[in-house]
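Asks: After the structure tokens below, expect a handful of questions from me.
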Amino acid sequence: MRKLISTYRLLIAAALTVVSAVAHAQLSIEITGAGASRFPVAIPVFENEGTLPRGVTDVVRADLERSGLFSLVDMGIAALPVTAAPDMASIRGRGADAVLTGSIYQQGDGRFEVRFRLFDTQKQTELGGLSMRMAPAQNRAIGHKIADFVYEKLTGQPGYFSTRIAYVVKSGPTAAPRYELQIADADGMNAATALASREPIISPAWAPDGQRIAYVSFEAKKPVVYVHTLATGQRQVVANFKGSNSAPAWAPDGQRLAVVLTKDGQSQLYVLNADGSGVRRLATSPGIDTEPAWSPDGEWIYFTSDRGGSPQIYRTSASGGSAQRVSFDGSYNVTPRPSADGTSLAFITRNSGRFQVAIMDLATRQTTILTDSARDESPSFAPNGRMILYATETGGRGVLAAVSSDGRVKQRLSVQAADVREPSWGPQVR
């Protein structure tokens, strides 16, 4: 059983590659594959953008281009003010199917107002616009919000650029490694360390409110589950029972957690309140049950179990009861993670000896392998279900990567000379 637990990397993830890293280093993102057809859009510089200490439109452009769904049409250095109607026929002639116009207005209190409008040049219509106030240092946050607006209007899906990701960076010598739980914007910028420790940190999981993270820390020389409030740094122990406490997963209501405990024997599923009270065993299994994940409606908990002889994905009612097997293709399927709309399930499958990210259509049970790497782990959906963040290895060290749910768009996120693992994509907080 000890070997099986290690295979799952469920309880002790001390096998992180040792390399040196600079604290607070930013994730760099490399686009390694893009969609076959990309939407051409023009994002000219906003009027009066030079009054800002740092620009906004460059953030918008980078977000849209990085998504792999858009190609940018160069409009030169001239601004298109929000108050003027753009020459859509001319812009269409340049190859752009949409154009964003915008202006920056300096306010008397040192803040700025950003106004923008989006136009469909093919239909010669306005798709909408917004006005937002910002402090000088909020250029990136505002740029992400504008990119979210453009993304949603042009694709019909909510954007994800304003979200955050969590991940663990390991640095230092083999004899005395340092672990950092870092939080960054979805584009890898503004990385900040939420927790630093000489002991491993694993399994970060975002609460639905985007303000708290549950994770497992070994600082007590054993795996203990904590809930960490990011704004204050306050931490609370929510599971510190005899044996191992691992794999926290938030319920959609943000009031409960599913966890894996060994207090009554081997690894089994339990549900408890977010303050650690009300512990309830979810099921009894002759095998190891682990890696829980709630369905978005809160009705089901997906999990990994070897109860059938090999690691496979099951689900059980959140109120308890018998389990139903979900995965049937192959002899090794682990780490189930449902999409926010409940239609798809991302997981790790073993394919010809390689561990790869796969996605299952839960209605048809059709499975598609999305990656071509060999040591993938920890898949995590973007809030809109369009992208999946995961950990893999390149050159013997851990890096993060992302792949679109159709497999066409691929990205690699890495910190130079650092080992990065355990990614978790935060929610979209409106």
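Letter by letter, the sequence shown follows residues -25 to -1, 1 to 405 of mature numbering (1 follows the signal peptide of the UniProt record, and there is no 0). Every residue, glycine too, gets a C-beta built ideally from N, C-alpha and C.
For Gln341, I'd like the list of residues in its chain whose CB is within less than 8 angstroms of its CB, leaving aside the five on either flank, ordered along the chain.
Replies: Taken in chain order, the residues that qualify are Met335.
Asks: From which residue to which residue does the beta strand (DSSP E) around Glu266 run?
Replies: 264 to 269
Asks: I want to know whether the stretch 347 to 364 touches the stretch 324 to 331 - three or more CB-CB distances under 8 angstroms.
Replies: yes
Asks: Using a 10 Å radius around the Cβ and a threshold of 16 neighbouring Cβ atoms, would you call Asn165 buried or exposed?
Replies: exposed
Asks: Who pairs with Ile79 in a beta bridge, going by DSSP?
Replies: Val89
Asks: In its own chain, which residues sit with a C-beta less than 6 angstroms from the C-beta of Ser302, not counting the 5 before and 5 after it?
Replies: Gln287, Ile288, Asn308
Asks: So is Leu156 buried or exposed if we call it buried at 16+ other beta carbons inside 10 Å?
Replies: buried
Asks: Just to confirm my understanding: we take Ala298, look at its own chain, exclude 5 residues before and 5 after, and list those with CB closer than 6 angstroms. What are they?
Replies: Tyr289, Thr291
Asks: How long is the line joining the alpha carbons of Ile177 and Val143, rounded to whole angstroms?
Replies: 7 angstroms
Asks: For Glu368, name the three-state secondary structure that DSSP assigns.
Replies: strand
Asks: Leu388: buried (16+ other C-beta within 10 angstroms of its C-beta) or exposed?
Replies: buried
Asks: For the putative contact between Ala54 and Phe21, defined by C-beta atoms under 8 angstroms, what is the C-beta separation to the nearest angstrom?
Replies: 6 angstroms
Asks: Within its chain, find whatever has a CB closer than 6 angstroms to the CB of Gln211; leave out the 5 residues flanking it on each side and keep chain order.
Replies: So the list reads Val202, once near-sequence residues are dropped.
Asks: What residue from Ala73, Ala141, Thr100 has the CA that sits closest to Leu2's CA?
Replies: With distances taken between Cα atoms, Leu2 lies closest to Ala141.
Asks: Rounding to the nearest angstrom, what Cα-Cα distance links Ser78 and His119 in this structure?
Replies: 16 angstroms
Asks: Can you give me the C-alpha to C-alpha distance between Asp394 and Thr58, rounded to a whole angstrom?
Replies: Each residue's alpha carbon lies about 48 angstroms from the other.
Asks: Contact between the stretch 39 to 53 and the stretch 83 to 97: three or more CB pairs below 8 angstroms?
Replies: The stretch 39 to 53 vs the stretch 83 to 97: no contact.
Asks: From the DSSP secondary-structure annotation, give me the bridge partner or partners of Asp336.
Replies: Ser319
Asks: First and last residue of the beta strand (DSSP E) that includes Val191?
Replies: 187 to 192
Asks: Using the Cβ count rule (16 or more neighbours within 10 Å means buried), how would you classify residue 407?
Replies: One cannot answer for residue 407 here, as it falls past the ends of the chain, which runs -25 to 405.
Asks: Given a threshold of 16 other Cβ atoms within 10 Å of its Cβ, counted over all protein chains shown, does Ala(-12) qualify as buried or as exposed?
Replies: No answer about Ala(-12) holds up, because its pLDDT of 29 lies below 50 and its placement is not dependable.
Asks: If you run the structure through DSSP and keep just helix, strand and coil, what is Met50?
Replies: coil
Asks: Could you tell me which of Arg173, Tyr277, Tyr245 sits nearest to Pro148, measuring between CA atoms?
Replies: Arg173
Asks: Whose C-alpha, out of Leu44, Gly317, Ser242, Arg396, is nearest the C-alpha of Thr130?
Replies: Out of Leu44, Gly317, Ser242, Arg396, Leu44 has the C-alpha closest to the C-alpha of Thr130.
Asks: Output the boundary residues of the alpha helix (DSSP H) element that contains Gly68.
Replies: 63 to 68
Asks: Can you name the start and end residues of the alpha helix (DSSP H) that Ala180 belongs to?
Replies: Here Ala180 belongs to no alpha helix (DSSP H); instead the beta strand (DSSP E) covers 176 to 181.
Asks: Kindly indicate which residue of Ile158, Gly262, Pro402, Ala112 has the alpha-carbon position closest to the one of Gly208.
Replies: Ile158
Asks: Assign Pro267 to buried or exposed, taking buried as 16 or more other Cβ atoms, counted over all protein chains shown, within 10 Å of its Cβ.
Replies: Buried: at least 16 other Cβ atoms inside 10 Å.
Asks: So the alpha helix (DSSP H) Asn114 belongs to, where does it begin and stop?
Replies: 114 to 130
Asks: Going by DSSP in three states, Pro398 sits in which element: helix, strand or coil?
Replies: Three-state DSSP puts Pro398 in a strand.
Asks: Give the straight-line distance between the Cα atoms of Ala161 and Arg139, rounded to the nearest whole angstrom.
Replies: 5 angstroms
Asks: If distances are taken between C-alpha atoms only, which option among Asp250, Thr318, Ala233, Arg108 comes closest to Arg256?
Replies: Ala233
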